[in-house]
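Going down the list, the protein sequences come from chains L and C. Per the working numbering: the first sequence ends with 213, consecutive numbering throughout. Per the working numbering: the second sequence ends with 213, consecutive numbering throughout. For glycine and all other residues, C-beta sits at the position ideal for the given N, C-alpha and C.
There are 2 protein chains.
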Amino acid sequence: MSQTLDSLIEFNVKVMKEYLLPIRHNLACWGKLEDIEVLYSHNLTLSQCEKFVRLYLPKVEIHETSSNAISAIELSNKNDKIYAALVSKFAADVYNLRILKKDVQDEKLNFTRFFVVGNKDVLPTGKDRTSILVSPSLNKPGVLYSIVKLFYDAGIDLTKIESRPSKKKMGEYVFFIDFKGHIKEKKVSQTLKELSSIFAVKVLGSYPRAY
Amino acid sequence: MSQTLDSLIEFNVKVMKEYLLPIRHNLACWGKLEDIEVLYSHNLTLSQCEKFVRLYLPKVEIHETSSNAISAIELSNKNDKIYAALVSKFAADVYNLRILKKDVQDEKLNFTRFFVVGNKDVLPTGKDRTSILVSPSLNKPGVLYSIVKLFYDAGIDLTKIESRPSKKKMGEYVFFIDFKGHIKEKKVSQTLKELSSIFAVKVLGSYPRAY
């Protein structure tokens with residue numbers, strides 16, 4: 003998501019839609035759990051299935067791959083019960099793998115949020131979200147408080163806030179903020195106007211809420 | 003960092019120290035820039051060198067690897083001017099690679115923050131930071147405002163704030179917060195006491211500030 007946000011800023015496109023993809027992983031192999039000696043997995047996938055692997059495959063040798071698709075390909079090239087891979091349902095289908103255990107991820111309610119970007123404005127639907135980037139030029143204590151207070155006073159509900167180092171000066175921060183509402187709504191446009199009079203504000207987009 | 007924070011919560015250890023490692027990448031190869039046809043790179047490293055690659059190696063074929071070390075190993079196994087890899091100075095030294103361009107990362111002021119964890123309390127040094135996790139049991143608008151206001155009123159400077167989905171219930175959030183000060187300081191302990199009377203608060207640690 004960090005890289006996505008950076009690209010949004012650099013390329014001057016807008017968020018037009020968001021959607022949530024559940025994070026689900028599966029254990030594919032050719033034999034039984036106790037036959038497995040080598041597990042192919044992407045690093046991030048492995049960290050999302052850590053408890054499962056620690057509990058059921060504590061002695062397995064991990065072979066890190068660069069993606070879940072590569073894990074699937076590695077397993078599809080092997081013909082031995084000692085090999086297994088952590089893969090998506092989709093990859094298992096594509097590479098004709100056999101899934102031994104479904105949903106082996108640690109968190110059952112974990113999602114990746116995706117943005118669809120483009121260069122058109124999206125009209126309000128009544129259930130929208132807006133993403134903005136606030137870059138305070140000054141960095142004194144209380145900056146965050148004044149930002150949060152503006153939204154609170156306007157009755158606008160923040161759904162995400164994240165401070166990140168500005169990468170321009172040590173100890174300087176920018177804020178990624180999501181809130182309920184559309185820039186075409188009066189209270190939103192007024193709040194953003196006030197905010198813009200104090201800080202540099204970039205609207206990344208207003209779009210229908212996926213949750 | 004997300005996984006690190008999750009582990010901190012699960013394993014009940016404390017942050018004892020933080021340090022910043024600058025993100026620096028180098029282009030290693032055996033010939034000249036114009037000879038390069040294949041580039042080995044870890045996915046994250048590539049995204050951190052995107053501008054460089056787009057500008058100087060726009061037609062190169064990218065081979066994604068599972069780590070920077072693997073990129074170095076791949077290049078060390080090749081003996082042809084068409085191969086290159088994005089690697090650390092350390093990996094280049096270990097695998098006897100030749101660095102053609104130093105510091106090819108896009109951002110010159112980008113750091114990864116590391117935590118040293120353990121089970122001892124660290125005494126105040128006068129220049130400390132504290133990391134906490136706040137889990138509001140209720141999730142009504144204004145929760146974030148009331149947290150930020152408590153710190154503002156106490157004159158405590160927040161240095162990081164990040165909301166994250168709780169993974170327990172859709173639309174429920176937890177907040178990772180860093181601030182200047184040590185839990186042994188009176189204003190800090192009082193503020194945390196007040197905060198704990200409203201929300202579930204977990205102190206991840208008080209430790210010397212690295213910046």
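C-alpha distance - residue i paired with residue j, whole-angstrom precision
i: I158 (chain C); j: V150 (chain C); result: 10 Å
i: T114 (chain C); j: L57 (chain L); result: 30 Å
i: D180 (chain L); j: S208 (chain L); result: 10 Å
i: F201 (chain L); j: F116 (chain C); result: 30 Å
i: L99 (chain L); j: L41 (chain L); result: 14 Å
i: T67 (chain L); j: A156 (chain L); result: 48 Å
i: L23 (chain C); j: G144 (chain L); result: 28 Å
i: L7 (chain L); j: S191 (chain L); result: 22 Å
i: S211 (chain C); j: V62 (chain L); result: Reading off the sequence shown, one finds Arg at residue 211 (chain C), where the question assumed Ser. For R211 (chain C) and V62 (chain L), the distance between alpha carbons rounds to 39 Å.
i: K129 (chain L); j: E187 (chain L); result: 11 Å
i: D95 (chain L); j: I25 (chain C); result: 38 Å
i: S133 (chain C); j: V17 (chain C); result: 8 Å
i: A93 (chain C); j: G173 (chain L); result: 30 Å
i: L194 (chain C); j: T193 (chain L); result: 31 Å
i: T127 (chain L); j: E109 (chain C); result: 38 Å
i: N121 (chain C); j: K189 (chain C); result: 24 Å
i: E12 (chain L); j: L35 (chain L); result: 47 Å
i: Y147 (chain L); j: P167 (chain L); result: 17 Å
i: G33 (chain L); j: I64 (chain L); result: 17 Å
i: Y97 (chain L); j: V89 (chain L); result: 10 Å
i: K142 (chain L); j: I185 (chain L); result: 28 Å
i: E39 (chain C); j: S78 (chain L); result: 28 Å
i: Y175 (chain L); j: Y213 (chain C); result: 13 Å
i: V55 (chain L); j: P138 (chain C); result: 31 Å
i: Y21 (chain L); j: L125 (chain C); result: 45 Å
i: H27 (chain C); j: N45 (chain C); result: 13 Å
i: S199 (chain L); j: S199 (chain C); result: 36 Å
For residue i, the first and last residue of its enclosing beta strand (DSSP E)
i: V136 (chain L); result: D130 to S137
i: N28 (chain C); result: N28 to C31
i: H175 (chain C); result: The residue asked about is misnamed: residue 175 (chain C) is Tyr in this sequence, not His. Per DSSP, Y175 (chain C) belongs to the beta strand (DSSP E) from Y175 to K182.
i: T127 (chain L); result: Careful: T127 (chain L) lies outside any beta strand (DSSP E) and carries neither H nor E.
i: V119 (chain L); result: F113 to G120
i: V17 (chain L); result: K16 to P24
i: E164 (chain C); result: L160 to P167
i: D35 (chain L); result: Sequence inspection shows Leu at residue 35 (chain L); the Asp mentioned does not correspond to that position. Here L35 (chain L) belongs to no beta strand (DSSP E), and DSSP marks it neither H nor E.
i: L102 (chain L); result: I101 to K103
i: E66 (chain L); result: E63 to T67
Where the alpha helix (DSSP H) containing residue i begins and where it ends
i: A74 (chain L); result: N70 to S78
i: D155 (chain L); result: V145 to A156
i: I200 (chain C); result: K188 to I200
i: L48 (chain C); result: N45 to Q50
i: K91 (chain C); result: K91 to V96
Test item: CB-CB of residue i and residue j under 8 Å
i: S165 (chain C); j: F177 (chain C); result: yes
i: V118 (chain C); j: K204 (chain C); result: no
i: K80 (chain L); j: L29 (chain L); result: no
i: S73 (chain L); j: S49 (chain L); result: no
i: L197 (chain L); j: V136 (chain L); result: yes
i: F170 (chain C); j: L111 (chain L); result: The residue asked about is misnamed: residue 170 (chain C) is Lys in this sequence, not Phe. Closer than 8 Å, so yes.
i: K182 (chain L); j: R131 (chain L); result: yes
i: N70 (chain C); j: T47 (chain C); result: yes
i: D37 (chain L); j: K83 (chain L); result: yes
i: L10 (chain L); j: L206 (chain L); result: yes
i: I163 (chain L); j: I163 (chain C); result: yes
Rounded distance between the beta-carbons of residue j and residue i, thought under 8 Å
i: V276 (chain L); j: C51 (chain L); result: Any question about residue 276 (chain L) goes unanswered here, given that chain L covers just 3 to 213.
i: E76 (chain L); j: A87 (chain L); result: 6 Å
Cβ-heavy atom distance, residue i to the ligand NAP, below 7 Å
i: I101 (chain L); result: This structure simply doesn't include the ligand NAP, nor any ligand for that matter.
Review point. Given a limit of 7 Å on CB to CB distance, which residues of the region 135-161 of chain C reach chain L?
Key: P143, G144, L146, Y147, V150, K151, Y154, D159 and L160
Point to revise | Contact residues within the region 172-197 of chain L, judged by C-beta distance below 7 Å to chain C | key: M172 and G173
Practice item. With 9 Å as the limit, tell me which residues of the region 63-80 of chain L have their beta carbon closer than that to any beta carbon of chain C; keep them in chain order. Key: H65, E66, T67, S68, S69 and I72
Practice item. Can you give me, in chain order, the residues of the region 21-52 of chain L that have a beta carbon less than 7 Å from any beta carbon in chain C? Key: N45 and S49
Exercise for review: Check distances from the C-beta atoms of the region 95-111 of chain C to those of chain L and list, in chain order, the residues that come in under 7 Å.
Suggested key: E109 and L111
Point to revise | Where the region 81-93 of chain C meets chain L: residues whose CB sits under 8 Å from a CB there | key: none
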